[in-house]
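In what follows, a single structure is set out as structure tokens and then discussed.
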Amino acid sequence: MQPRTNSTVPNVQQAVPLFMVANIEASLRFYVEGLGFTIKNRWEPEGKLRWCWLQLGNAAIMLQEYGSNHPLAQSAGNLGEGVSVCFQCKDALALYREFTARSLAPQEPFVGNHMWIVILSDPDGYKLDFESPTDAPEETTLSEWEG
15 MQPRTNSTVP NVQQAVPLFM VANIEASLRF YVEGLGFTIK NRWEPEGKLR WCWLQLGNAA
75 IMLQEYGSNH PLAQSAGNLG EGVSVCFQCK DALALYREFT ARSLAPQEPF VGNHMWIVIL
135 SDPDGYKLDF ESPTDAPEET TLSEWEG
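Heads up, the sequence shown is in this note's numbering, so the first residue is 15 and it goes up one at a time.
Below, the structure written as structure tokens:
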């Protein structure tokens, strides 16, 4: 049994989702060129990128490409079906403008649960929500807010 410590630092520091992807190069274009993530760590067996750790501000995700023998390679439907990751931000609308300037097509931002919500899906169907607090009325869309 480990001795107990009186440390005020929490033992669990961060949760980092791992997304299995069909094409890691396509995913990197979306996350790095489109969303602005940076690659912090990578695994390249035999010179081929198979896994990476991506960072955007204090948020992180991991991507791993499966080989053609992997059971997911034969699966029907989207890998990311039913998976959402909600990134808590200072200004989701600023990110919306950055994403559209980089030729991405997020859904029109709207207010839900006192948050502006910007939604995109990655190439494998993983749903990404970028959210920031607001006083705008519930269900307000950006076009209504600006109009």
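Glycine residues also receive a C-beta, built at the ideal position from the N, C-alpha and C atoms.
Under the three-state DSSP convention, the category residue i falls into
i: R64; result: coil
i: S157; result: helix
i: L32; result: strand
i: L93; result: coil
i: A150; result: coil
For residue j and residue i, the rounded distance between their alpha carbons
i: N25; j: Q102; result: 22 angstroms
i: Q27; j: S21; result: 13 angstroms
i: V35; j: Q121; result: 22 angstroms
i: A115; j: E60; result: 36 angstroms
i: F113; j: L70; result: 13 angstroms
i: G73; j: L109; result: Correcting the residue identity first, residue 73 is Ala in this sequence and not Gly. Going from the Cα of A73 to the Cα of L109 covers about 14 angstroms.
i: L68; j: E145; result: 19 angstroms
i: E95; j: I38; result: 18 angstroms
i: I133; j: D143; result: 5 angstroms
i: G50; j: F33; result: 17 angstroms
Residue i, buried or exposed, once every other Cβ within 10 Å from all chains shown has been counted against 16
i: W130; result: buried
i: T52; result: exposed
i: L156; result: buried
i: D149; result: exposed
i: D105; result: exposed
i: P151; result: exposed
i: E58; result: exposed
i: C66; result: buried
i: V125; result: buried
i: N161; result: Residue 161 is actually Gly in this sequence, not Asn. G161 is exposed by the Cβ-count criterion.
The beta strand (DSSP E) enclosing residue i, as first and last residue numbers
i: S98; result: S98 to Q102
i: D143; result: K141 to P147
Unbroken beta strand (DSSP E) runs of length 3 or more, entirely within the stretch 35-79: which are they?
52-57, 65-70 and 73-79
What are the uninterrupted segments assigned as beta strand (DSSP E) that are 3 or more residues long and contained completely in the stretch 113-138, given in chain order?
124-126 and 129-135
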